[in-house]
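Asker: Once you've had a glance at the structure underneath, I'll fire off some questions.
Protein chains: 2
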Amino acid sequence: MKGKATSFDIAHRAGVSQSTVSRALSNSPLVNQETRDRIKQIAQELNYKVDKNASNLRKQRSNTVALLLFEDPSTDDSQINPFFISMLGSITKACSAANYDLLVSFQNLADDWHAEYEDTHKADGLILLGYGDYLDYEAKINQLQEQETHFVRWGAADPKYPGISVGSNNFQGGYMVTEHLISQGRTRFAFVGEAGTHAPEFLARFQGFTHALSQADLMDQFVGQFDAIFTVEAGLEAALELFAEGERPDAIVCASDLIALGVIQAMRQEGLRCPEDIAVTGFDNIPIAGFVEPALTTVQQDTKAAGITLVEHLLKHINNENTSDTLIPASLIIRDSSKPLTQD
Amino acid sequence: MKGKATSFDIAHRAGVSQSTVSRALSNSPLVNQETRDRIKQIAQELNYKVDKNASNLRKQRSNTVALLLFEDPSTDDSQINPFFISMLGSITKACSAANYDLLVSFQNLADDWHAEYEDTHKADGLILLGYGDYLDYEAKINQLQEQETHFVRWGAADPKYPGISVGSNNFQGGYMVTEHLISQGRTRFAFVGEAGTHAPEFLARFQGFTHALSQADLMDQFVGQFDAIFTVEAGLEAALELFAEGERPDAIVCASDLIALGVIQAMRQEGLRCPEDIAVTGFDNIPIAGFVEPALTTVQQDTKAAGITLVEHLLKHINNENTSDTLIPASLIIRDSSKPLTQD
DNA sequence: AAATTGGATTATGCCGATATAATGCATAAA
DNA sequence: TTTATGCATTATATCGGCATAATCCAATTT
């Protein structure tokens, strides 16, 4: 036979109508068990696969979701945030478990979003994933809602747009790691990482941090907060600035692992030991966190739960059900960089 | 108006036939410039987007490629090889530059490949990306070729299947970094990384390594090759084994950056300094390679060229043109871990 | 014997675009 | 005036499934 087999070819061989073939292959109880088996058998022999374009066109459903990944414009091509990779993995798995395919698209923040996947019926919905507040955030969300696009976003809940967000509990993570450092005997804290409204994740971590400090009555010894985006370089520079200012902390809480690595690097340059002189903690638990010197104490986001939840919520939206904003708890990974102060 | 607009709606408003709308929107010279502009205008007002399912069905083309990512079964979920991430990024970009969408699917090596994207017409071709020889490699390749699936694979050229491979020049990379170490005055070499047929990339690196050694007449001082898969842990263990065996090298060439980090970790445990006692080099130039202590000398694969070439070759296959196997040159990134031997 | 019921199957329309063939119409050539 | 030539547009068939309504037929009921 020429070309790929169609359901007509199978119908012909099986001596039934094409309709019956379609029904049989979708396991419809409307068709007799025997005929069903016979048809499936023939379909397999011909290596028949339903044409998704035809099927989707008729069903007006693609069983596909599109993942839009927003890159931080401040970093170059090769530097993809390791955290997103982990999310990508878990989202892919959650999709395939739900029998959905996944389209992936890296979005350049500067450009207009390339979010036509649902308009063109290539996907049934979108997952928006990025750090910080992607450019023109509100305008875009409004537009998506106006067009009745189905979507969920990764990030802190936004009271203006309820029911579309899933995010890590960054506040709790920042609180938890700070509390841990306090219990280790640290008292003079600094925070490295941007804490503005355009980096809401980092801001929440910072707020958890200060909350822990106030609870322990340590705010009067707070050394300060130093801006750094999420790269190693930024952490290094921020730390150098911190050391230049004079007042030396005995613990530095960083908004990400990469920043923490930069801070440790800066300490080395300044002849400071970690954790003996200053404890340092990160956030994300990237793959190498446990293998740097010293092994990094950090906060792990539950990317598996995150991916599953995002997909689950999106599928509910697609079925016109509502979901409520979800905060996924983070967990503390204790390693060497936060060892207790020793009296020496 | 209800629902999404179709080309009929536009035809109606523009007072032309639906055929003309279709032509106008695809910029066919068959339709008058004025009418074309008018139709486009109306289409924009109605926020009309062509239905890809209908379009693809008719055209028998999806303008989509599927990326199958094969994970190493020896690592857990969270550990995705950083090199692949970089490739994923460049492939995505190359696709969007060519106006193709990208479906991403993580394949579990143990299972049957889930490679029906072309059979179902969801994609026009496949890109296979994984380290080592994915399980049942030949059987699967045969099957794909039999079904006339369009595909390219990442990896060394295989004489049995010409024209489907694109890979880094691992031999040249291994040779280059070894030559560099020799020029720095190192003479007693060891290699850490698997060098068997089921890890062809690593094997090629090892072969480049030994080639450089023989050229410099240093093979009689070769300490040995020690197996390690691509994780930090594996590198650490292999190095400990190496040190236990007695004969100490003054340079260790590693098959990947993660392995190199493990080796450096092991040296630290043994009280050995890098690069003073032993120089260490990696492979891949992962994001943190420049920020560990000491900064890691490594070989960088040109992922950008790789992604572009893979996509380019696949698109040629889709258009029934042939391509020839391509080796992409790697480049040397010299940092501190390979500093020259000092006389002290 | 005629009418009813229900399970199994078939006939038909449609999803929304694109490509090919056909038509209309103005202008140029015979 | 008639035929021919092009350009612009329209009519129609088609891509390959799925869903609804229609039909067929055997087993019951009346």
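Residue numbers (the working numbering), protein chains in the order written: chain A, 966 to 1309; chain B, 966 to 1309.
By construction, the Cβ of each residue, glycine as well, lies at the ideal position given by its N, Cα and C atoms.
A:D1123 bridges to which residues according to DSSP?
Answerer: Partner(s): A:Y1126.
Asker: When you check each C-beta in the stretch 1077-1088 of chain A against every C-beta of chain B, which residues fall closer than 7 angstroms?
Answerer: If the cut-off is 7 angstroms between Cβ atoms, the stretch 1077-1088 of chain A has E1081, D1084, T1085, H1086, K1087 near chain B.
Asker: Is B:A989 buried or exposed, if buried means 16 or more other CB atoms sit within 10 Å of its CB?
Answerer: Its Cβ being crowded by 16 or more others within 10 Å, B:A989 is buried.
Asker: Which chain A residues are close to B:S1019, counting only those with a beta carbon under 9 angstroms from its beta carbon?
Answerer: According to the sequence as given, residue 1019 of chain B is Ala; it is not Ser. Near B:A1019 (Cβ distances below 9 angstroms), the residues of chain A are N1018, L1022, H1086.
Asker: Just to make sure I have the definition right: I need the residues of chain A whose C-beta is within less than 7 angstroms of the C-beta of B:L1275. Which are they?
Answerer: Within 7 angstroms Cβ-Cβ: nothing; B:L1275 doesn't reach chain A, min ~15 angstroms.
Asker: Can you find the residues in the same chain that come closer than 8 angstroms, C-beta to C-beta, to A:A1295, ignoring five residues on each side of it along the sequence?
Answerer: Closer than 8 angstroms at Cβ, skipping near neighbours: S1133, N1134, N1135, Q1137, G1138, M1141, V1264, Q1265, Q1266, D1267.
Asker: Is the distance from the Cβ of B:S1303 to the Cβ of B:Q1112 below 7 angstroms?
Answerer: For B:S1303 and B:Q1112, no; Cβs fall outside 7 angstroms.
Asker: Ignore the nearest five residues each way along the sequence and tell me which others in B:G1120's own chain have a CB closer than 6 angstroms to its CB.
Answerer: Contacts found: S1130, G1132.
Asker: Decide if the stretch 1021-1034 of chain A is in contact with the stretch 994-1008 of chain A; the criterion is three or more beta carbon pairs, one per stretch, under 8 angstroms apart.
Answerer: Because the criterion of three Cβ pairs below 8 angstroms is not met, the stretch 1021-1034 of chain A and the stretch 994-1008 of chain A do not touch.
Asker: Restricting to Cα atoms, I'd like to know which of A:K1017, A:F1248, A:E1103 is closest to A:R1170.
Answerer: Out of A:K1017, A:F1248, A:E1103, A:F1248 has the C-alpha closest to the C-alpha of A:R1170.
Asker: Identify, in the order they occur along the chain, each residue of the same chain with its Cβ nearer than 8 angstroms to the Cβ of A:K1281, setting aside the five sequence neighbours on each side.
Answerer: Hits under 8 angstroms: N1287, T1288.
Asker: According to DSSP, is B:C1060 part of a helix, a strand, or is it coil?
Answerer: Helix at B:C1060.
Asker: Counting only beta-carbon atoms, is A:L1205 nearer than 7 angstroms to chain B?
Answerer: No, A:L1205 lies away from the interface with chain B (no Cβ there is under 7 angstroms from its Cβ).
Asker: So for A:A1164, helix, strand or coil by DSSP?
Answerer: Coil.
Asker: Do the stretch 1268-1275 of chain B and the stretch 1222-1237 of chain B meet, that is, are 3 or more Cβ pairs less than 8 angstroms apart?
Answerer: As far as the Cβ criterion goes, the stretch 1268-1275 of chain B does not touch the stretch 1222-1237 of chain B, which means the pair count is below three.
Asker: Going by CA-CA distance only, name the one from B:F1071, B:A1080, B:S1051 that's closest to A:A1059.
Answerer: Selected option, being the one with the closest Cα: B:F1071.
Asker: In angstroms, rounded to a whole number, what distance separates the CA positions of B:D1301 and B:P1259?
Answerer: Answer to the nearest angstrom: the Cα atoms are 6 angstroms apart.
Asker: Taking a cut of 9 angstroms between CB atoms, which residues from the stretch 1248-1269 of chain B lie near chain A?
Answerer: If the cut-off is 9 angstroms between Cβ atoms, the stretch 1248-1269 of chain B has N1250, I1251, P1252, I1253, G1255, F1256, V1257, E1258, T1268, K1269 near chain A.
Asker: Leaving out five residues before and five after B:L1306 in sequence, what residues of the same chain have Cβ atoms less than 6 angstroms from its Cβ?
Answerer: The answer, listed in chain order, is G1150.
Asker: Give the residues from the stretch 1057-1077 of chain A that approach chain B closer than 8 angstroms (Cβ to any Cβ), ordered along the chain.
Answerer: The stretch 1057-1077 of chain A vs chain B, Cβ under 8 angstroms: T1057, K1058, S1061, D1066, L1067, L1068, V1069, S1070, F1071.
Asker: For A:Q1230, return the contacting residues in chain B, with the cut-off set at a CB-CB distance below 9 angstroms.
Answerer: The answer, in chain order, is F1256, V1257, E1258.
Asker: Just mark A:P1214 as buried or exposed, buried being the case when its beta carbon has 16 or more other beta carbons within 10 Å.
Answerer: With 16 or more Cβ atoms within 10 Å of its Cβ, A:P1214 is classed as buried.
Asker: So that I know if they touch, is there some Cβ in chain B lying closer than 7 angstroms to that of A:I1050?
Answerer: At least one chain B Cβ lies under 7 angstroms of A:I1050.
Asker: Can you pull out the residues from the stretch 1213-1238 of chain A whose beta carbon lies closer than 8 angstroms to at least one beta carbon of chain B?
Answerer: Against chain B - using a Cβ distance shorter than 8 angstroms - the residues of the stretch 1213-1238 of chain A are L1223, L1226, G1227, Q1230, R1233.
Asker: Please list the terminal residues of the continuous beta strand (DSSP E) segment that includes B:T1291.
Answerer: 1291-1293 is the extent of the beta strand (DSSP E) around B:T1291.
Asker: What are the partner residues of A:G968, as DSSP defines its beta bridges?
Answerer: Answer is none; A:G968 lacks a bridge partner.
Asker: Considering only C-alpha positions, which residue in the set B:D1066, B:L1067, B:L1093 is nearest to B:H1079?
Answerer: The candidate whose alpha carbon is nearest that of B:H1079 is B:L1093.
Asker: Bridge partners for A:L1034 per DSSP, in chain order?
Answerer: Beta-bridge pairing links A:L1034 to A:F1071, A:L1094.
Asker: In chain order, what residues of the same chain lie with their CB nearer than 8 angstroms to the CB of B:V1197, ignoring the 5 residues before and after it?
Answerer: L1223, I1224, L1226, G1227, Q1230.
Asker: Do the CB positions of A:H1086 and B:K1017 come within less than 7 angstroms of each other?
Answerer: Yes, the pair counts as a contact, with Cβ atoms nearer than the cut-off.
Asker: For the alpha helix (DSSP H) that contains A:V1188, what are its first and last residues?
Answerer: Looking at the DSSP string, A:V1188 is not in any alpha helix (DSSP H), and its letter there is neither H nor E.
Asker: Please classify A:F973 as buried or exposed, where buried requires at least 16 neighbouring CB atoms within 10 angstroms.
Answerer: By the 10 Å Cβ count, A:F973 comes out exposed.
Asker: Going by DSSP in three states, A:D1066 sits in which element: helix, strand or coil?
Answerer: Strand, per DSSP.
Asker: I think B:I1253 touches A:I1253, with their Cβ atoms under 8 angstroms apart; what is that distance to the nearest whole Å?
Answerer: Correct: roughly 6 angstroms between the Cβ atoms.
Asker: Rounded to the nearest angstrom, what separates B:I975 and B:D1098 at their Cα positions?
Answerer: Those two C-alpha atoms are separated by around 53 angstroms.
Asker: Which residues bound the beta strand (DSSP E) around B:S1296?
Answerer: 1296-1298 is the extent of the beta strand (DSSP E) around B:S1296.
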